[in-house]
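Chains as they are written, first to last, in UniProt numbering: chain S, 1 to 239; chain C, 1 to 239.
Don't be surprised by glycine CBs; every beta carbon is placed ideally from N, CA and C.
Notes follow once the structure below has been shown.
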DNA sequence: TTTCAACTCCCCAGAAACAGCGAGGGCGGA
DNA sequence: TCCGCCCTCGCTGTTTCTGGGGAGTTGAAA
């Protein structure tokens, strides 16, 4: 793998991008620049609705989406719990589903090595930036070691553009919760019953209910559990 | 402001840091390297519990914490909604509380210029990395323009260390959920009622209940909402 | 000044969730 | 082979949550 990558040029190209299709082209240019098999940016969205760009084959991408592989993909699960970029080797491949998934991926041309960077944006947005290649462990470690910083920056810029191009996903910008509503949601997420929450906050249970309903309304949630889930995924509460 | 900053050296120093106190020292070194007034890393916990390190005066930090300024600080509010690093000038200072807050900050030696980078980690973790200085707009723009990429990387490395030093905030490991349990938790988090979930999964509501109870047990949760919250914060389900 | 959002309190009835009991078939690892 | 986990289904009763009303205060923004 050649290491004559001009980081500044890449980032400027990314900055200048004005359309979604161009991002696709940049993944290809990056793949060639880094001399790796694949570069993928993958926005992981709520209901399994997904979006991204990259150099994986169409067959693999379609299969991934169709079979809802994001649910068993250890890369997603692992990155979701981490802040660090992560080498695929360090993930948990112990379950049968994981190994089967990996086998499938190999068949469809994904490299045996991978390096994925989790990226998080406002409102619980979550995405991955992945580099994948076919080589031995030592080569791969040298590569990731050398380029991890550049890749973090590139991932960051990719996500900027993705957020820019997908304003539709932003209107989820629900109105912020009031302090009391945050309190209520937080305590509910901690497992308190309504009675306990009311007591903890020193208010009547009915008042509490008003907060919950208000929060539910602001979050567009169907019930309390949904409201708590949304509040969490949008980073409005931390448990 | 001098621009002889050795980014690699900084990042290596950060990587080698093994204790919280050293991070404080690094903010001071960075301040000198960049020749700015202040460098601050600020972990914002929505519960109001906060933590960070930086070169602000002790008086200002104490005042900030004591008066719960994080609730009215436009830097926090603004960064929380953005992915991009942001110049303080571009934030919303229209409210009375904001302007009062800014006046206070100036009195306590915070610069009139600022540049803050939002950083997000697992479980809704949120932090800011801020550079602040006293100068005119043009000078500041030139500075941020030149260093924004470096600052993004530095911010990233700071957050790595912060997460590393706060293991109690890391998700605890719990037994993995079975596929059916994941399905159940996911659909519940999407706002479905038990009846709807059962129908969606094509199982009886009683069976569904067994999954929910099982998941609740595995997660050590007190009720369904709690179980969903824990499953989400541990990255077992993605909603 | 007026308006608006936030915070507080109250009643009631129906829907939903919880808790505890039990049972049987299948599949994979020790 | 046996043990344990996963998946599936059933019953009964209690507790909790939800949704529909209405009403008063405060404080900050327009």
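{"Item": "Own chain, CB closer than 7 angstroms to residue 26(C), minus 5 neighbours either side, in chain order", "Value": "13, 14, 17"}
{"Item": "Burial state of residue 115(S), where buried means 16 or more other Cβ atoms lie within 10 Å", "Value": "buried"}
{"Item": "8 angstroms Cβ cutoff, residue 224(C) in contact with chain S", "Value": "yes"}
{"Item": "Complete alpha helix (DSSP H) runs within the region 40 to 87 of chain C (minimum length 4 residues, chain order)", "Value": "58 to 66, 74 to 81"}
{"Item": "Expected contact under 8 angstroms - CB spacing of residue 38(S) and residue 54(S) to nearest Å", "Value": "6 angstroms"}
{"Item": "Identified DSSP bridge partners for residue 127(S)", "Value": "43(S), 119(S)"}
{"Item": "The region 118 to 136 of chain C / the region 110 to 125 of chain S touching (three or more Cβ pairs under 8 angstroms)", "Value": "yes"}
{"Item": "Buried or exposed (CB count within 10 angstroms, at least 16 for buried), residue 147(C)", "Value": "buried"}
{"Item": "Within 7 angstroms of chain C by C-beta, residues of the region 96 to 110 of chain S in sequence order", "Value": "none"}
{"Item": "Start-to-end residues for the alpha helix (DSSP H) that takes in residue 99(S)", "Value": "96 to 107"}
{"Item": "Expected contact under 8 angstroms - CB spacing of residue 189(S) and residue 237(S) to nearest Å", "Value": "6 angstroms"}
{"Item": "Residues that residue 45(C) contacts on chain S, provided the C-beta gap is smaller than 9 angstroms", "Value": "238"}
{"Item": "Near-chain S residues of the region 121 to 147 of chain C - C-beta to any C-beta below 9 angstroms", "Value": "121, 122, 123, 124, 125, 126"}
{"Item": "Contact under 8 angstroms by Cβ, residue 35(C) with residue 74(C)", "Value": "no"}
{"Item": "Residue range of the unbroken alpha helix (DSSP H) whose run includes residue 140(S)", "Value": "137 to 165"}
{"Item": "Neighbourhood of residue 31(C) by C-beta distance below 6 angstroms, restricted to the same chain and skipping five residues each side", "Value": "39, 55"}
{"Item": "Cβ of residue 171(S) within 8 angstroms of any chain C Cβ", "Value": "Below a pLDDT of 50, predicted positions are generally treated as unreliable, and residue 171(S), at 47, falls in that range; the measurement from the model is reported next regardless. Closer than 8 angstroms: no."}
{"Item": "Own chain partners of residue 7(C) with C-beta closer than 6 angstroms, once the 5 adjacent residues on each side are dropped", "Value": "150"}
{"Item": "Reduced DSSP secondary structure (H/G/I, E/B, other) of residue 114(C)", "Value": "strand"}
{"Item": "Chain C residues whose Cβ lies nearer than 7 angstroms to that of residue 159(S)", "Value": "83"}
{"Item": "Inter-residue Cα distance where the pair is residue 136(C) and residue 85(C)", "Value": "19 angstroms"}
{"Item": "Span of the alpha helix (DSSP H), counted from its first residue to its last, around residue 13(S)", "Value": "7 to 16"}
{"Item": "Residues that residue 23(S) contacts on chain C, provided the C-beta gap is smaller than 7 angstroms", "Value": "Under the 7 angstroms cutoff, chain C gives no residues; its nearest Cβ is about 15 angstroms from residue 23(S)."}
{"Item": "7 angstroms Cβ cut-off: residues of chain C touching residue 152(S)", "Value": "153, 156"}
{"Item": "Between the CA atoms of residue 156(S) and residue 88(C) - distance to the nearest angstrom", "Value": "20 angstroms"}
{"Item": "Residue 230(C) versus residue 134(C) - alpha carbon distance", "Value": "44 angstroms"}
{"Item": "Spatial neighbours of residue 19(C) in its chain, beta-carbon cut-off 6 angstroms, leaving aside the 5 residues before and after", "Value": "none"}
{"Item": "CB-CB length for residue 109(C) against residue 60(C), believed under 8 angstroms", "Value": "7 angstroms"}
{"Item": "Distance between beta carbons of residue 184(C) and residue 215(C), contact taken as under 8 angstroms", "Value": "7 angstroms"}
{"Item": "Residue 142(S) to residue 52(S) span [Cα, whole Å]", "Value": "27 angstroms"}
{"Item": "C-beta neighbour in chain C for residue 193(S), strict 8 angstroms", "Value": "yes"}
{"Item": "Residue 214(S) in three-state terms, based on DSSP", "Value": "helix"}
{"Item": "Contacts around residue 132(S), its chain only, beta-carbon distance under 6 angstroms, and the 5 residues preceding and following it disregarded", "Value": "37, 38, 110, 111, 114"}
{"Item": "Residue 182(C), enclosing alpha helix (DSSP H) - first and last residue", "Value": "179 to 189"}
{"Item": "Chain S within 8 angstroms of residue 80(C), Cβ atoms only", "Value": "yes"}
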